[in-house]
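Read left to right, the sequence shown gives residues 25 to 472 (the working numbering). C-beta atoms are modelled at their ideal positions from N, C-alpha and C, and glycine is treated no differently. These numbers come from a predicted model, not from an experiment. One structure below.
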Amino acid sequence: MSNQPDVMDKLVSLCKRRGFIFQSSEIYGGTGSVWDYGPLGVELKKNIKDRWWNAMVRSRDDIEGLDAAILMHPRTWEASGHVAGFVDPLVDCKTCKGRFRADKLDDAKCPQKPSKHPGQADQCQLTEARNFNLMFKTFMGALEESASAVYLRPETAQGIFVNFLNVQQSMRQKVPFGIAQIGKAFRNEITPGNFIFRTREFEQMEMQFFVEPGTDMDWFAQWKAMRMQWHLDLGLSRERLEFHQHSAGELAHYARAAFDVTFDFGGTLGFQEIEGVHNRGDFDLTQHQTFSNKKLEYFDQQANKRYVPYVIETSVGADRVTLAALVNAYREETVAGEDEGRVVLGLQHAIAPIKAAIFPLTKKDGQPEMAQRIVSALRSSFKVDYDESGSIGKRYRRQDEVGTPFCVTIDGTSTSDATVTVRDRDSLAQDRIHSSQLVIYLTDKLSK
Ligand code: ATP
Numbered sequence: 025m026s027n028q029p030d031v032m033d034k035l036v037s038l039c040k041r042r043g044f045i046f047q048s049s050e051i052y053g054g055t056g057s058v059w060d061y062g063p064l065g066v067e068l069k070k071n072i073k074d075r076w077w078n079a080m081v082r083s084r085d086d087i088e089g090l091d092a093a094i095l096m097h098p099r100t101w102e103a104s105g106h107v108a109g110f111v112d113p114l115v116d117c118k119t120c121k122g123r124f125r126a127d128k129l130d131d132a133k134c135p136q137k138p139s140k141h142p143g144q145a146d147q148c149q150l151t152e153a154r155n156f157n158l159m160f161k162t163f164m165g166a167l168e169e170s171a172s173a174v175y176l177r178p179e180t181a182q183g184i185f186v187n188f189l190n191v192q193q194s195m196r197q198k199v200p201f202g203i204a205q206i207g208k209a210f211r212n213e214i215t216p217g218n219f220i221f222r223t224r225e226f227e228q229m230e231m232q233f234f235v236e237p238g239t240d241m242d243w244f245a246q247w248k249a250m251r252m253q254w255h256l257d258l259g260l261s262r263e264r265l266e267f268h269q270h271s272a273g274e275l276a277h278y279a280r281a282a283f284d285v286t287f288d289f290g291g292t293l294g295f296q297e298i299e300g301v302h303n304r305g306d307f308d309l310t311q312h313q314t315f316s317n318k319k320l321e322y323f324d325q326q327a328n329k330r331y332v333p334y335v336i337e338t339s340v341g342a343d344r345v346t347l348a349a350l351v352n353a354y355r356e357e358t359v360a361g362e363d364e365g366r367v368v369l370g371l372q373h374a375i376a377p378i379k380a381a382i383f384p385l386t387k388k389d390g391q392p393e394m395a396q397r398i399v400s401a402l403r404s405s406f407k408v409d410y411d412e413s414g415s416i417g418k419r420y421r422r423q424d425e426v427g428t429p430f431c432v433t434i435d436g437t438s439t440s441d442a443t444v445t446v447r448d449r450d451s452l453a454q455d456r457i458h459s460s461q462l463v464i465y466l467t468d469k470l471s472k
């Protein structure tokens, strides 16, 4: 249990009402734990992905970008260990027909007696645990037979490992260097839920950094610190972020060390993983060498030696970070002199879906025309919104609720002296500035 408030239900409803996130195929009753991003959600998530891409790829010369296909050769998943090991132990209840993770019974509720865990009520009849593979299986080509079975990738990382030499050689990179990609991953999760926290289709932002064995723990420490800083720079509050170190029992058999970056989602969810930073040693490249019969070694010309690099991996969920950013930003406030309070998404400026909203105070006296001219002038620099409906107070509230940092109002004076009022979402301070200065003014403010 966390000290932070549980805002999940309020967020789910805000996200639907204001066009951030909808349930997939809602008109058919929805698809379990699959979500669609609406107009504002897609902007928010894109801004988060762009920040990651800029930090990891564009601003460094030792990391290259990649966009590998979702469908891979099925041997990939034998080499990676997913066919044999990517399983959860499951039990069914013959009474309620519920299905639960055998290792998470304490977190589950009996559907018929919610005060008890599955197996605790007298009528529960749990079966023996059996393993269930989390990969989605499908068929390539016209024949639905086992020889043509392929998987939807459960992580993006393997697309990077199999392209290690392609990228290294084509880009003439020297170890240490990294490969980064953003893409969809699929897991047939048994106990999905908590909105977009655990879904069956999600996006990962992964980076594999290839290093010389022996330098790995040093790089691991550096990446751990850099990734935490990235979350802080995204505006996630320091007191909601913590590292969780994997104990010897939690470590994957190939991992030399692992830390999760955890975020406090509030309520009963509390601190949960949003990113993993792992030292994977040479496990993945060695496995792919064995299964493909192709050498995946690096030749260090200066030292005149060959070796299989070790890998430091940083793996973060774009959807989980989007949820963390929303939870972190949500606040309810009273407003001095007003009866009704306001809901604010205090999103960091760089990720807010709309940067500025433009309002004519009235629908006459040339105000809408002037407002539209301002919208056209700003549009090439920022995502802006034009709104002329309802009272000005209502329009402010609508923008606060979706996290728009600035609202620009055109009033009676504006049409004669070309000045406008800019209102700050957080401080509520209002500046009167010349409309020709708006792009410079907003560029400066939005960079903070
Ligand atoms: P968990 O223990 O929560 O299932 P994991 O340890 O299996 O996560 P990884 O395989 O390390 O997760 O994946 C890296 C990141 O991908 C996670 O930190 C998370 O942000 C994201 N992720 C993994 N599974 C899901 C999912 N089902 N839905 C949304 N994001 C996910």
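Element boundaries [alpha helix (DSSP H), containing residue i]
i           : result
residue 103 : 99-103
residue 412 : Note, residue 412: premise wrong, no alpha helix (DSSP H); not H, not E.
residue 190 : 188-194
residue 61  : Residue 61 -> not in any alpha helix (DSSP H); beta strand (DSSP E) instead, spanning 59-61.
residue 392 : 391-403
residue 232 : From DSSP, residue 232 is part of no alpha helix (DSSP H) but of the beta strand (DSSP E) over 225-235.
residue 131 : Run containing residue 131: none; DSSP gives neither H nor E here.
residue 255 : 240-257
residue 41  : 32-41
Delimiting residues of the beta strand (DSSP E) encompassing residue i
i           : result
residue 330 : 329-331
residue 445 : 443-448
residue 269 : 265-269
residue 339 : 334-341
residue 458 : 454-458
residue 323 : 322-324
residue 202 : 201-210
residue 383 : 380-384
Contact test: residue i Cβ vs the ligand ATP heavy atom, cutoff 7 Å
i           : result
residue 300 : yes
residue 156 : no
residue 288 : no
residue 205 : no
residue 343 : yes
residue 335 : no
residue 223 : yes
residue 339 : yes
residue 269 : no
residue 423 : no
residue 357 : no
residue 182 : no
residue 280 : no
residue 211 : yes
residue 228 : yes
residue 274 : no
residue 266 : no
For residue j and residue i, the rounded distance between their alpha carbons
i           : j           : result
residue 274 : residue 405 : 47 Å
residue 424 : residue 278 : 47 Å
residue 282 : residue 248 : 9 Å
residue 29  : residue 441 : 47 Å
residue 69  : residue 341 : 11 Å
residue 452 : residue 221 : 32 Å
residue 398 : residue 379 : 14 Å
residue 255 : residue 298 : 10 Å
residue 291 : residue 348 : 13 Å
residue 138 : residue 215 : 16 Å
residue 354 : residue 267 : 23 Å
residue 128 : residue 218 : 15 Å
residue 71  : residue 207 : 15 Å
residue 188 : residue 324 : 15 Å
residue 120 : residue 142 : 10 Å
residue 411 : residue 443 : 18 Å
residue 434 : residue 361 : 23 Å
residue 202 : residue 253 : 19 Å
residue 311 : residue 346 : 33 Å
residue 155 : residue 213 : 13 Å
Which of helix, strand or coil DSSP assigns to residue i
i           : result
residue 367 : strand
residue 161 : strand
residue 312 : helix
residue 468 : helix
residue 88  : strand
residue 120 : coil
residue 44  : coil
residue 177 : coil
Whole-angstrom C-beta distance between residue j and residue i, which should lie under 8 Å
i           : j           : result
residue 401 : residue 463 : 7 Å
residue 77  : residue 159 : Not a contact, Cβ separation roughly 27 Å.
residue 449 : residue 258 : In fact, because the Cβ distance is near 17 Å, the residues do not count as touching under 8 Å.
residue 385 : residue 427 : Rounded, the Cβ-Cβ distance is 23 Å, inconsistent with contact.
residue 98  : residue 175 : 7 Å
residue 104 : residue 205 : With 8 Å as the limit, residue 104 and residue 205 do not qualify as a contact, their Cβ atoms being about 16 Å apart.
residue 356 : residue 302 : About 38 Å; that fails the 8 Å criterion.
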